[in-house]
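Top to bottom, those sequences are chains A and B. Residue numbering for the first sequence follows the numbering used here, starting at 4 and increasing by one per position. Residue numbering for the second sequence follows the numbering used here, starting at 858 and increasing by one per position. Ideal placement from N, C-alpha and C gives every residue a C-beta, glycine not left out.
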Amino acid sequence: MASIKFDNIGKSYGETEIIKNLNFGVNDGEFMVFVGPSGCGKSTVLRMIAGLETITSGEIRIGDRVVNNVHPKDRDIAMVFQSYALYPHMNVYDNIAFGLKIRKMPDAEIRKRVKDAADLLGLDKLLDRKPKALSGGQRQRVALGRAIVRNPSVFLFDEPLSNLDAELRVQMRAEISKLQHRLNTTTVYVTHDQVEAMTMGQRIAVLRPCTDNPLDTNLMQCGSPMDLYDRPDNIFVARFIGTPRMNVLPARLSDDGTEVELFGGRMPVSDQFREAALRMRGREVMLGIRPEHIGAAHEVDWRLTQPLQGQVEMVELLGHEAILHFKVGDHVLTGRLASHGRLPTPGDTITMQLKCEAIHLFDPVTELRLR
Amino acid sequence: MADIKTKNHLLLHVVLISFTVLATYPVLWVLALAFSGQQSVGLIDLPKDPGFIERFRSILPMPAHLSVSNFTEVWTDQDFGRWMWNSAVVSLMTTMLGVFLACTAAYAFSRFRFPGRNTGMLMFLVSQMFPGTLMLIPLFIIIVKWLELGNTYVGLVIVYATTAIPFCVWMLKGYFDTIPYDIEESALIDGASRLTIFWRIILPLAKPAIAITALFSFMTAWNEFILASIFMESELNYTAPVGLRFFVGGFSSQWGYFAAGSVIVSLPVVGLFLHLQKYLISGLTAGSVK
């Protein structure tokens, strides 16, 4: 096991900067998830840890060692690729054993390790098969087997479940989590799927494409899943984490900074924003509210609420609940309704309740959370 | 309905059979000459005033008598065995050298980014635009005058390999490009060196392309006539195509030997093709990546 530390990491392709000023760490034995939209550099960071991409500036440490110029094979890591990247001309046994054979491990030890990994992953009956005779899930298990058999210090996963169907993805998600918990190996897992990030990661690093600002960084926030969900550091994280995404609307702080005005109504500022609201009194802010905190009056029993009247645009029925899209002024908001009973139809006028304690406030210029 | 289907079927077969006859007629004629035991091109002697049957019979590739004498005499009375041996040595050496150099070069062109990469590939292509005879004089000067390798196997192998390699590199590079790079990166992390990846991952996956390359290199050398006739001066060093040429033309017209020799010369290529056929399968990388 080993920790990973990023010290001011940068990566450029010619003039184009992909990664900028990346500073954070992955703890020993931790399951860290990198999440972000396409082009945010999450796979590039993973490949830099693996040694498959060079580092333009800064230092990466695995354990106590700076690995900037260390060959991938000497980094004591194992990687699972999105495409599985199995050796198609070798059977499952040889695929799993390849890394051990290359490292000239005794045959008996190789057999034992491959058998243990195959038993763990349910591949024991498939050892003679070639990859083309396996299903997607089985191939992904072989790729996992190839990683765990070497007993590395760090596991790297590059969107390993993207090619699987929805059901298998849920199943493999649980299997990978269990495996990591059991092996307790430091793991970095890259995904663009925030549900995967929330369900699997002990901590999540949210990345986004960097801008031209030299002080900018790709890292938007790094913390536990509930930290990111309950206390997003900025509007990007607020919108990226959570499905359906958070409503973010322009609002205004009252002149004494104790209330926030939205669509003509007033709500008290919650304790966590009180100091910042006082500093910014009388100014525009961005107000964030999650869809589950906008509900029908007869379905919720929140202490402090603010009514929002609008026109229904669309209702998405999910079975256990329905997602309501309704228009207030120029803004389309998303709320939640219980799915049983009479649901509104597009064009209906509806009054929803907003939970006042659940609002988030952001600076409209810096887009950072008010503190 | 069934009638129309049968008629279409019949028509299709008539067309197919006609083309088959057209395609195989010259080959059958060579076979007939080879097994006729005689040296003239005509398989039967026409009477002075031939009828339709005689005329039709004369264009059928069917010898009057079957005999293997042309084959045995080609081996015993002529130096044909020696010429075949020369061809085999030159062709196998060309194949080995050509495939080895083409594989390594194509892998480098496919996987590494280095200055001159695109120019290099373009130069290979440009070299294919000129006819072989245009290269005759410079090759002769380099191989015979400068390197003094005229009339040797090595000289001819160098000439053949250099002419075959550009095409082979292009073909192999195209194939290497289709092998997902993820596989190599995965092997790199597994601890394999570049050389190990090349030998244990890339080459086994590129078997179909290598088989084609080998076949092409072999056939280039095996069938070539002009360069061999210029570079190999001594009769003992003739390759099979050069030797064959001496059965006909000039003061001789031993068409029977020529046909028998042609059949013998074509056998190794047919054998090689049948042997390599099993590698000419698609889908070797199936299952590797999604």
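Chain B contact residues for residue i, given Cβ-Cβ distances below 7 Å
i: Ile80/A; result: Ile1046
i: Gly102/A; result: Asp1047, Gly1048
Proximity below 7 Å, CB of residue i to CB of residue j
i: Ala241/A; j: Leu373/A; result: no
i: Val69/A; j: Glu62/A; result: yes
i: Ser138/A; j: Gln85/A; result: no
i: Gly44/A; j: Ile22/A; result: yes
i: Pro1023/B; j: Ser967/B; result: no
i: Arg149/A; j: Ile99/A; result: yes
i: Val157/A; j: Thr189/A; result: yes
i: Arg286/A; j: Leu256/A; result: yes
i: Val931/B; j: Gly1128/B; result: no
i: Ala88/A; j: Asp860/B; result: no
i: Gln163/A; j: Met201/A; result: The displayed chain sequence assigns Pro, not Gln, to residue 163/A. It is not a contact, given that the beta carbons lie outside the stated cut-off.
i: Ser924/B; j: Gly955/B; result: no
i: Leu126/A; j: Val95/A; result: yes
i: Leu1133/B; j: Leu1072/B; result: yes
i: Leu290/A; j: Gly260/A; result: no
i: Val1122/B; j: Ala1097/B; result: yes
i: Asp161/A; j: Ser41/A; result: no
i: Met51/A; j: Arg206/A; result: no
i: Tyr1010/B; j: Val946/B; result: yes
i: Ile292/A; j: Asn250/A; result: yes
Contacts of residue i in chain A (Cβ-Cβ under 8 Å)
i: Pro1037/B; result: Ser86, Ala88
Residue i CB to nearest heavy atom of the ligand COA below 6 Å
i: Glu112/A; result: For the structure depicted, the ligand COA is absent and the ligand set is empty, with no information on it obtainable.
Beta-carbon neighbours of residue i, restricted to chain A and to distances below 9 Å
i: Thr1053/B; result: Ile105
i: Ile1067/B; result: Simply none; closest approach about 13 Å.
i: Glu1042/B; result: Arg50, Ala53, Leu55, Pro75, Met82, Phe84, Ala88
Residues near residue i in its chain [Cβ-Cβ closer than 8 Å; skip 5 each side]
i: Gly140/A; result: Leu167, Leu171, Gln174, Met175
i: Asn11/A; result: Asn24, Leu25, Asn26, Ser60, Gly61, Glu62
i: Val318/A; result: Ala325, Ile326, Leu327, His328, Leu340, Leu346, Pro347, Thr348, Pro349
i: Gln197/A; result: Val38, Phe243, Ile244, Gly245, Thr246
i: Ile1083/B; result: Gly989, Thr990, Leu993
i: Ile113/A; result: Ala100, Leu103, Lys104
i: His92/A; result: Lys133
i: Asp219/A; result: Lys23, Asn24, Cys213
Own chain, CB closer than 6 Å to residue i, minus 5 neighbours either side, in chain order
i: Ser273/A; result: Glu360
i: Pro294/A; result: Pro247, Thr337, Gly338, Arg339
i: Val1026/B; result: Ala959, Ala962, Ala963, Phe981
i: Tyr1095/B; result: Trp940, Met1089
i: Leu996/B; result: Val1016
i: Ala891/B; result: Asn927, Ala1116, Ala1117, Val1120
i: Phe1103/B; result: none
i: Arg153/A; result: Ala81, Gly102
i: Ser1086/B; result: Val1099
i: Thr951/B; result: Val1014, Tyr1017, Ala1018, Ser1074, Ala1078
i: Pro1061/B; result: none
Spatial neighbours of residue i in its chain, beta-carbon cut-off 7 Å, leaving aside the 5 residues before and after
i: Pro904/B; result: Glu911
i: Val1105/B; result: Gln1111, Trp1112, Phe1115
i: Ser948/B; result: Phe1075, Ala1078, Trp1079
i: Trp886/B; result: Pro918
i: Pro75/A; result: Ala53, Gly54, Leu55
i: Glu316/A; result: His328, Phe329, Lys330, Val335, Pro349
i: Phe1055/B; result: Tyr964
i: Ser1091/B; result: Asn1008
Exposure of residue i, with buried meaning 16 or more beta-carbon neighbours within 10 Å
i: Gly1047/B; result: Correcting the residue type first, residue 1047/B is Asp in the shown sequence and not Gly. Buried.
i: Met986/B; result: exposed
i: Met223/A; result: buried
i: Gly267/A; result: exposed
i: Glu808/B; result: What the structure shows of chain B is the stretch from 858 to 1147, and residue 808/B is not part of that stretch, so it cannot be assessed.
i: Thr352/A; result: exposed
i: His870/B; result: exposed
i: Phe239/A; result: buried
i: His363/A; result: buried
i: Ala111/A; result: exposed
i: Asp333/A; result: exposed
i: Tyr16/A; result: exposed
i: Lys1030/B; result: buried
Beta-carbon neighbours of residue i, restricted to chain A and to distances below 7 Å
i: Ile1058/B; result: Tyr90
Pull out every residue of the stretch 160–182 of chain A whose Cβ sits closer than 7 Å to any Cβ of chain B, in chain order.
Asn166
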